[in-house]
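Chemist: In the working numbering, the protein residues as written are 1 to 431.
(1) What's the C-alpha gap between residue 170 and residue 176?
(2) For a test of the three-state rule: what should DSSP assign to residue 387, helix, strand or coil?
(3) From the DSSP secondary-structure annotation, give me the bridge partner or partners of residue 197.
(4) Assign residue 420 to buried or exposed, taking buried as 16 or more other Cβ atoms, counted over all protein chains shown, within 10 Å of its Cβ.
(5) By how many angstroms is the C-alpha of residue 340 removed from the C-alpha of residue 318?
(6) Here's the rule: buried if 16 or more other CB atoms are within 10 angstroms of the residue's CB, otherwise exposed. What is residue 37?
(7) Tell me, which residues are paired with residue 308 by DSSP?
(8) Starting from residue 147 and walking both ways along the alpha helix (DSSP H), at which residues does that stretch end?
(9) Residue 67 by DSSP, collapsed to three states: which one?
(10) Relative to the C-alpha of residue 422, which candidate in 368, 283, 348, 369 has its C-alpha closest?
(11) Under the rule that 16 or more other beta-carbon atoms within 10 Å means buried, what is residue 325, buried or exposed?
(12) Residue 353: beta carbon under 7 Å from a heavy atom of the ligand PLP?
(13) Taking the C-alpha atoms as reference points, what is the distance between residue 368 and residue 407?
(14) Residue 406 by DSSP, collapsed to three states: which one?
(15) If you draw a straight line from the alpha carbon of residue 201 to that of residue 190, how long is it in whole angstroms?
(16) For the candidate residues 306, 279, 291, 373, whose alpha-carbon lies nearest to that of residue 413?
(17) Tell me which residues share the same chain as residue 387 and place their Cβ nearer than 6 Å to its Cβ, disregarding the 5 neighbours each side in the sequence.
(18) Flag this pair as yes or no: are the beta carbons of residue 240 and residue 228 separated by less than 8 Å?
(19) Ordered along the chain, which non-local residues of its own chain (more than five positions away) have a Cβ less than 8 Å from that of residue 311?
(20) Among the residues of its own chain, which have a CB less than 7 Å from the CB of residue 185, if the five just before and after it don't count?
(21) Buried or exposed: which applies to residue 405, given that a residue is buried once 16 or more other Cβ atoms fall within 10 Å of its Cβ?
(22) Name the DSSP beta bridge partners of residue 82, please?
(23) In the DSSP assignment, find the unbroken beta strand (DSSP E) run with residue 416 in it and report its ends.
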């Protein structure tokens, strides 16, 4: 027994060394009759026996567990029967543990668990902070900064998406709002520019109207002296013999006076606005008069502009003054672009689609009309010329004249050798 007791003691001390004073344990051995054997083992605890309060029969019915107190200490006791290989009862063993160490271990575990939880919460908080800072705070800061810049007029600013779905929806709406504001601002600037252009054109139109009135009065004032000069010249010519050396100069004076008189009459006819009179007119005469008026703007040093007429319909019923103004406005545009000289061609033919109608085709071999401006050439105050060079009313007036004649005018988009206008008049023609 001594050797076995020593060996068991060594085994137990190997599990619970002596220096672990906090670990208290008691082992009691019982024989078949339930008597306590001299084989007890104590480790840091006064010898106590929980089996004293039980009968041996109770101990042998199976494993028993209980908590009890002794001398102010709490213990946990386990009793189990010992049987041989045949199942015969040999005795029982009782193990008593002190709960002080268990409580200490549990307290240490709880303390470690609390420290672990706090450390986890701290690290998780730091992680959440950085995630929220990069994923939420920074995008919101960029959104705030962009809103401030947008308020100061930086309308082209856009924000990149952050990767957060909710914030990306907000950023997308912000970018859409900034785009709409930019478009509205651009339209407002375009409207303001167009308004300023219209105001300048109106002022220029008013100026031209005043000049027209002055020119009309001036023509009347010049007409009388011209008649005097022409009459005196004819009188002198009658006094001179045909072979007189000065007869040629007098003839020149008379012809130039008549030329000036004719030009002034044409200007007066063009400036006057009588009531419309629809009657038969000669297209060649009206076109030639308009061309003569426009030639006044052409300097002799510049390359000459020619006019070619191909009139299969020579007469038509229309307002002569209006048709003259129509040709003048079209020709003024041609003279403006034919700086290196060129040709104006006017054709007339019967309208195949409308019985009794006339089609006039006006074209020049200039640079033509830019494609992006073709849809606006008949708009009022729309001009491709510099401010002060045109009013933007020329083609608008042409379209109004055609409309007054119940006709139709269009720009030939397929014509690439200059500009071509096709004008149809549904009025009976006279051949």
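Backbone N, C-alpha and C fix where the C-beta goes; we use that ideal spot for every residue, glycine too.
Computed from a predicted structure; not experimentally measured.
Modeler: In short:
(1) 10 Å
(2) Because the pLDDT of residue 387 is 49, which lies under 50, any placement of that residue in the model is unreliable, and the question is left without a value.
(3) Answer is none; residue 197 lacks a bridge partner.
(4) buried
(5) 34 Å
(6) exposed
(7) 345
(8) 138 to 151
(9) Three-state result, residue 67: strand.
(10) 348
(11) buried
(12) The model depicted lacks the ligand PLP and carries no ligand whatsoever.
(13) 23 Å
(14) coil
(15) 16 Å
(16) 373
(17) At residue 387, the pLDDT of 49 sits below 50, so the modelled position is not reliable and the matter cannot be decided from this model.
(18) no
(19) 283, 284, 346, 347, 348
(20) 155
(21) Buried, by the Cβ-count rule.
(22) 91
(23) Here residue 416 belongs to no beta strand (DSSP E), and DSSP marks it neither H nor E.
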